[in-house]
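Take 833 as the starting number for the sequence shown in the numbering used here and just add one per residue.
Idealized CB from N, CA, C, for every residue including glycine.
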Amino acid sequence: MATPVSITACVLHGPKDIRIETLPSAAALAPNEVTVRVTSTGLCGSDLHYYNHYRNGDIIVREPLVLGHESCGYVTAVGPDTTSLQVGDFVALEVGLPCGTCDLCSEGRYNICPDLRFRSSAKSWPHFQGTLQSEINHPADKCYKLPPTLDPRLGALIEPLCVAMHTHRRAALPPNSTVLIIGAGAVGLLCAAVAKANGHRVVISDLQPLRIEFATTHNFADAGFVVPLSARGDTAANLATAATVAGQLRDKAKELGGVVDAVMECTGAEASLQTAILAARPGGKVMLVGMGTPVCGSVWGGGEARKRGKGWIARPNEAGYA
Ligand SMILES: [Zn+2]
Ligand SMILES: [Zn+2]
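Okay, here's the thing in structure tokens:
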């Protein structure tokens, strides 16, 4: 039952002002909690937004914030009500803590609980501090045992992998679908990997040739497409550009013998969202995974989308809207 006398934490105080600090040890362990010695934390796009701007979209940091929420580590102490874990267990952390009592929580959709507290997010107050610290206390039922032989760096990928798996489940694709992944960053690659593991054909696109090369040579996707960088113009020009790119992506799907049954949009950029909607087949699905631009204009309203035979749009991501 090791209790550290102090904690080393990586604390953000302002834009690009991050400091390694020694903090007092965590509060007393609650009966349902365990103490985890954090071994690995991945950096999410949201962490980078907070680091660069001290905000993430419209969420503004109001007190010093410890970043990081893609984490794993070893249990070093267990609360008295905890029976599922033991000291020494290697665990991945689920870092969104729901209220547990609202309608959404009761339906099992607790990831979009309106009162969700998410580590390293400045949305709740006081902020729920992230995992870039040496030890944290966390509810035992939000810690998942991993094989002790797993590389800790891979343990940190469980959280973004869950985003990809949730996206896949929400898309509910029939077998042998063709999936377009827009954005070949970490979450895009994981969405591609989950789609491939479930037997679907995958086309992946990105602005960066090296990312596409990585995705295709490592078999994350069956085909890749480098989107040419083009300047944004007025609405008509932007939609014309998106239509051109969407046509090229549909051609890629055709080369694989399919049509774009679903798009997993993993950038959050307005241009990509426009392309996603235009690329999907009539009745297809567009999954909004990326959390980039807060407001994406120039997309169809419901009536026009239905007229064009598009399917429903869902946002399955960790912060959750749908
Ligand atoms: Zn994240
Ligand atoms: Zn709730």
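Check: residue i C-beta below 7 Å from any heavy atom of ligand 1
i: residue 1087; result: no
i: residue 901; result: yes
i: residue 992; result: yes
i: residue 876; result: yes
Cβ-heavy atom distance, residue i to ligand 2, below 7 Å
i: residue 793; result: The first residue shown for the chain is 833 and the last is 1154, placing residue 793 beyond what the model contains.
i: residue 942; result: yes
Residue closest to residue i, alpha-carbon to alpha-carbon, out of the options
i: residue 844; options: 945, 954, 869, 995; result: 954
i: residue 1103; options: 1015, 916, 1115; result: 1015
i: residue 921; options: 907, 927, 911; result: 907
i: residue 960; options: 950, 1020, 969; result: 950
i: residue 1035; options: 924, 1053, 997, 872; result: 1053
i: residue 1094; options: 1101, 1081, 1087; result: 1081
i: residue 1092; options: 1107, 1100, 1101; result: 1107
i: residue 952; options: 1115, 1060, 964, 884; result: 964
i: residue 1005; options: 853, 1119, 1039, 883; result: 1119
i: residue 1064; options: 1074, 1058, 1055; result: 1074
i: residue 1029; options: 1037, 1056, 1057, 1000; result: 1000
i: residue 973; options: 1079, 846, 924; result: 924
i: residue 927; options: 943, 917, 857, 1048; result: 943
i: residue 977; options: 990, 967, 1111; result: 990
i: residue 790; options: 873, 1085, 1020, 881; result: One cannot answer for residue 790 here, as it falls past the ends of the chain, which runs 833 to 1154.
i: residue 914; options: 888, 880, 871, 867; result: 867
i: residue 912; options: 929, 862, 851; result: 862
i: residue 946; options: 930, 1112, 884; result: 930
i: residue 940; options: 919, 957, 998; result: 998
i: residue 789; options: 1012, 1086, 1040; result: With the chain running from 833 to 1154 in the structure shown, residue 789 is simply not present.
i: residue 847; options: 1100, 894, 1058; result: 894
i: residue 838; options: 958, 882, 885, 968; result: 968
Minimum Cβ-Cβ distance from residue i to chain D less than 8 Å
i: residue 957; result: Among the chains of the structure shown, chain D does not appear; only one protein chain is present.
Simplified DSSP assignment, three categories, for residue i
i: residue 1073; result: helix
i: residue 876; result: coil
i: residue 1123; result: coil
i: residue 942; result: helix
i: residue 959; result: coil
i: residue 848; result: coil
i: residue 838; result: strand
i: residue 863; result: coil
i: residue 1046; result: helix
i: residue 1151; result: Reliability fails at residue 1151, whose pLDDT of 38 lies under 50, so the model's placement of it is uncertain and no value is given.
i: residue 929; result: strand
i: residue 886; result: coil
i: residue 856; result: strand
i: residue 1102; result: helix
i: residue 965; result: strand
i: residue 911; result: coil
i: residue 991; result: helix
i: residue 1032; result: coil
i: residue 978; result: coil
i: residue 1079; result: helix
i: residue 996; result: helix
i: residue 949; result: strand
i: residue 895; result: coil
i: residue 1055; result: strand
i: residue 985; result: helix
i: residue 1144; result: With a pLDDT of 48 at residue 1144, under the threshold of 50, the predicted position of this residue should be treated as unreliable, though the coordinate-derived value follows. Of the three classes helix, strand and coil, the one that applies to residue 1144 here is coil, per DSSP.
i: residue 1025; result: helix
i: residue 1020; result: helix
Name all residues in chain order for which at least one heavy atom of ligand 2 lies closer than 5 Å to the residue's CB.
-> Those residues are 930, 931, 934, 937, 945, given in chain order.
For the 8 Å Cβ check, are there 3 or more pairs between the stretch 993–1001 and the stretch 928–938?
-> No: the two stretches stay apart, fewer than three of their Cβ pairs being nearer than 8 Å.
If you pair each beta-carbon of the stretch 1015–1026 with each one of the stretch 1044–1051, do three or more pairs fall below 8 Å?
-> Yes, since at least three Cβ pairs between the stretch 1015–1026 and the stretch 1044–1051 fall closer than 8 Å, the two stretches touch.
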